[in-house]
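In my numbering, the protein residues as written are 1077 to 1588.
Even glycine gets a Cβ: it sits at the ideal position worked out from N, Cα and C.
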Amino acid sequence: MTNDWDAVIIGGGAAGLSAAQMLGRSRRRTLVIDGGSPRNRFAAHMHGVLGHDGLDPAALLERGRAEARAYGVEIVAGLVASLSDVGDRLRIELEDGAVATARAVVIATGVRDDLPDVPGLADGWGRTVLHCPYCHGWEVAGQRLAVLATSPMSVHQIQLVRQLSEDVTAFTAAAEPLGEDVTARLLARGVRVVPAAVRRVEHGESGLTVVTDDGAETVVDAIFTGGAPLLDLAFADGLDLQRAEAPGAPLAVDMMGKTSHPRIFAAGNVTSPFANVPVSMGAGSMAGAGANAMLTEEDFALAVADRTAQRNAGWEERYAAQDRFWSGRVNASVAAIVTELAPGTALDVGSGEGGDVVWLGERGWRATGVDVSATAVRRAAEFAAERGVDVRFIVGDGAGSVEGEFDLVLASFLHSWESDFPRIRMLRDAADRVAPGGRLLIVSHAAPPPWARELPEQVPVMRTPGEELRLLDLDPTGWQPEIVEIRQREATAPDGTPSHLDDGILLLRRLA
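Printed below as a string of structure tokens:
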């Protein structure tokens, strides 16, 4: 058995195979672990299943297994001993010692029916001892029928069975006292009410003989009763999955079958003990789709994380390729604006080799710099030590890597040549770190250098401050723009001639 899967489905009944079909059709590496004991295995025919009325339940499962295998799903026989969370995977151990891991699990183990403890009753289960009027009622309609109540809720079952036959006997000991109104309703429809407890059920050629504690005998052709649903979920006890307040305490799920665990879905009778085959099939289909949707979201998130890691590694390589990358001098536009502000706490996002942070520290700011390059951070710390400035540097990916709020958050020339660089998202993260009354200062390249404007493919995406303000989409009731303009500063072209650069300046104050 292959060890690692996109999805493992525990249970190979109608719900589990429906989930498997959806996952297989989505090209997910899927394994079904089939315990081989479907709930309806005692019945010879299914009813109420559109397009399959009268089909043997075993034939439906055989067809379902073939369909799932056609989409690459693997199916093995076995019972699960334990299901545990191991981080980005779930670990599934079978009773035979085999182990698999999966990014998602669908639990479709169904339920067992715990019948009333009446000798002889279980001997006819699925044939002459029945539970669902919709699944089995037509086949015994017009015959001598009985209902063995298991609780006061059995009155509903009695009323449904009365629709099938005029000859109905209700053994109501477990539902007593019925109450005058209920008794009157049953008697009005010709239902015989027997309050004595049932002692045993005898099977004979003429039918079933129901013997009560008072010695009375009633011969019927079939008995309807309700078994208490038992869920075999001991293998998942360590995950503390949330249960619903319903008979049997089934697993609580949303409309897509998702449980309280983000990687675990469930479907069928394990979530709805009284569901029939079509309902279980539909729930399994939704759970399979839900698991695939979760995996799809994770695939994209992992791709973004991998892309980000590659981008960050590129910056590290860039810094490590030479002894020093930047001049160590503060940017003139930054200095011109910050000089007018009262010192406080400051965060520089994308601080590089620390020139701006050290300059802030020298002017009384309690400054922190964050950058993705460990080499840049190391050089920044060494630069600060040389200058005798008490500032802090952190290796991290943007403002989200730093805790707390700051009086000034600076993002200076936070550009990249990659078209998918999440500049606006990173600037929003920076805005989240601004304390009430504090400021967000964004200094950017508003246009390529004059000497590079003939080669637009060699420069990153550049926008005006006004365009970036609109893209940031900050709450206008919480932010006040103070500077939104382009400023020119002197520069020297690569050929040594005087030139200039266009700096975009965006200074926003967060309202207290």
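Please report how far the alpha carbon of residue i lies from the alpha carbon of residue j, in whole angstroms.
i, j, result
"D1129", "H1121", "8 Å"
"Q1239", "G1266", "11 Å"
"L1436", "A1408", "13 Å"
"P1525", "R1563", "13 Å"
"L1547", "I1500", "7 Å"
"G1173", "G1154", "10 Å"
"A1487", "R1463", "23 Å"
"E1543", "A1475", "22 Å"
"R1101", "C1211", "30 Å"
"R1105", "V1346", "24 Å"
"E1215", "R1203", "10 Å"
"Q1556", "A1507", "12 Å"
"D1447", "I1581", "21 Å"
"G1196", "D1161", "43 Å"
"R1275", "P1133", "32 Å"
"V1425", "V1414", "15 Å"
"R1387", "L1136", "51 Å"
"V1519", "A1397", "26 Å"
"A1528", "L1583", "27 Å"
"I1470", "E1321", "49 Å"
"F1419", "S1158", "It should be pointed out that residue 1419 corresponds to Pro in this sequence rather than to Phe. Rounded to the nearest angstrom, the two C-alpha atoms are 58 Å apart."
"A1422", "D1505", "15 Å"
"T1245", "D1199", "20 Å"
"D1289", "A1273", "6 Å"
"A1363", "S1348", "13 Å"
"R1586", "R1394", "35 Å"
"V1152", "R1141", "11 Å"
"D1549", "L1099", "39 Å"
From this set, the options, which residue's C-alpha is nearest residue i's C-alpha?
i, options, result
"R1165", "V1181, E1171, L1155", "V1181"
"M1331", "A1343, I1500, Q1235", "A1343"
"L1371", "K1334, V1353, A1418", "K1334"
"L1030", "Q1386, D1110, D1082, D1399", "Limits of the chain in this structure are 1077 at one end and 1588 at the other, which puts residue 1030 out of reach."
"T1540", "T1553, D1551, G1554, E1561", "E1561"
"A1184", "E1479, V1084, A1511, A1389", "V1084"
"V1296", "L1206, E1416, D1375, R1167", "L1206"
"V1258", "T1245, P1228, L1284, L1191", "P1228"
"A1369", "P1338, Y1395, A1325, N1352", "P1338"
"E1429", "E1438, L1417, G1445, E1416", "G1445"
"I1168", "Q1219, T1553, A1312", "A1312"
"A1304", "E1171, D1189, L1503, G1360", "D1189"
"P1536", "P1498, I1559, G1554, A1511", "P1498"
"Q1219", "R1179, A1298, T1573, L1262", "A1298"
"W1081", "S1113, G1314, V1175, V1194", "V1175"
Quick check on the DSSP output: the alpha helix (DSSP H) that includes residue i runs from which residue to which?
i, result
"D1382", "1353-1396"
"P1209", "1209-1216"
"R1101", "1090-1101"
"T1451", "1450-1463"
"S1230", "1230-1238"
"A1264", "1256-1264"
"D1508", "1499-1508"
"A1411", "1408-1414"
"E1543", "1541-1548"
My understanding is that residue i touches residue j, with C-beta atoms under 8 Å, so please give their C-beta distance in whole angstroms.
i, j, result
"V1237", "P1209", "6 Å"
"A1523", "D1578", "4 Å"
"G1431", "G1404", "5 Å"
"S1427", "A1456", "6 Å"
"L1317", "I1340", "7 Å"
"H1287", "E1293", "The residue asked about is misnamed: residue 1287 is Val in this sequence, not His. Indeed they touch by this definition, with Cβ atoms about 5 Å apart."
"S1477", "W1391", "With a Cβ gap of about 14 Å, S1477 and W1391 do not count as contacting."
"V1467", "A1443", "5 Å"
Could you give the residue range of the beta strand (DSSP E) that holds residue i?
i, result
"D1161", "1156-1161"
"A1342", "1340-1342"
"V1433", "Note, V1433: premise wrong, no beta strand (DSSP E); alpha helix (DSSP H) at 1431-1438."
"S1575", "1574-1586"
"D1129", "Segment: none, D1129 is in no beta strand (DSSP E) and carries neither H nor E."
"V1295", "1293-1296"
"G1280", "1274-1280"
"L1221", "1221-1224"
"T1036", "What is shown of the chain runs 1077 to 1588, which leaves residue 1036 out entirely."
"Q1564", "1555-1568"
"D1316", "Unbroken run through D1316: none, as it is neither H nor E."
"P1305", "1304-1306"
"W1081", "1080-1086"
"F1469", "1468-1471"
"G1283", "1283-1288"
Counting Cβ pairs, one atom from each stretch, are 3 or more of them under 8 Å apart for the region 1511-1519 and the region 1483-1495?
The region 1511-1519 is in contact with the region 1483-1495.
If contact is defined by three or more beta carbon pairs under 8 Å, each pair taking one atom from either stretch, is the region 1242-1256 in contact with the region 1205-1225?
Contact holds: three or more Cβ-Cβ distances are below 8 Å.
Can you find at least 3 beta carbon pairs, one from the region 1355-1363 and one from the region 1081-1095, that sit closer than 8 Å?
In short, these stretches touch, since the Cβ pair count reaches three.
So does the region 1124-1144 actually touch the region 1373-1381, counting three or more Cβ pairs closer than 8 Å?
Taking a cut-off of 8 Å on C-beta distances, the region 1124-1144 does not touch the region 1373-1381, as fewer than three cross pairs fall below it.
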